[in-house]
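Single-structure report; data block below.
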């Protein structure tokens with residue numbers, strides 16, 4: 001998936017420690033209660049890792065800002081609509 005500025009990054013292309021840091025940041029940003037799993041943040045990282053493997057999450061890299069982050073499919077679709085709207089307005 002790509003919009004010219006954004007590219008999807010297959011998780012298998014990332015070193016395991018980099019992938020873990022991205023998933024940990026996603027867990028924190030989404031506000032997961034890390035006490036829910038009994039394993040704290042590690043438990044949630046396992047959960048979101050499984051979601052990533054099922055294709056429910058994407059790793060997206062912004063070529064302009066050079067930032068990489070994890071997004072849900074819904075976030076990616078909403079983000080894509082926002083980018084399209086901004087481009088139409090000439091932003």
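Numbering (the UniProt record's numbering), first residue to last: 1 to 91. C-beta: ideal position from N, C-alpha, C; glycine also.
Is DSSP giving residue i helix, strand or coil here?
i, result
"residue 9", "coil"
"residue 56", "coil"
"residue 14", "coil"
Using C-beta distances below 6 Å, list every residue in its chain close to residue i, excluding the 5 sequence neighbours before and after it, in chain order.
i, result
"residue 1", "In this prediction, residue 1 has a pLDDT of 47, which is less than 50 and means its spatial position is unreliable; what the coordinates show is noted afterwards. Counting only Cβ-Cβ distances below 6 Å, and skipping sequence neighbours, we find 8."
Would you kindly report the start and end of the unbroken beta strand (DSSP E) that includes residue i?
i, result
"residue 67", "67 to 72"
Looking only at its own chain, which residues have a Cβ that is under 7 Å from the Cβ of residue i, when we skip the five neighbours before and after it?
i, result
"residue 49", "23"
"residue 51", "57"
Which residue wins for smallest C-alpha separation from residue i, given the options the options?
i, options, result
"residue 27", "79, 80 and 71", "71"
"residue 60", "69, 25 and 45", "69"
Cβ contact check for the region 14 to 22 and the region 73 to 81: 3 or more pairs under 8 Å: Output reads no: the region 73 to 81 does not touch the region 14 to 22.
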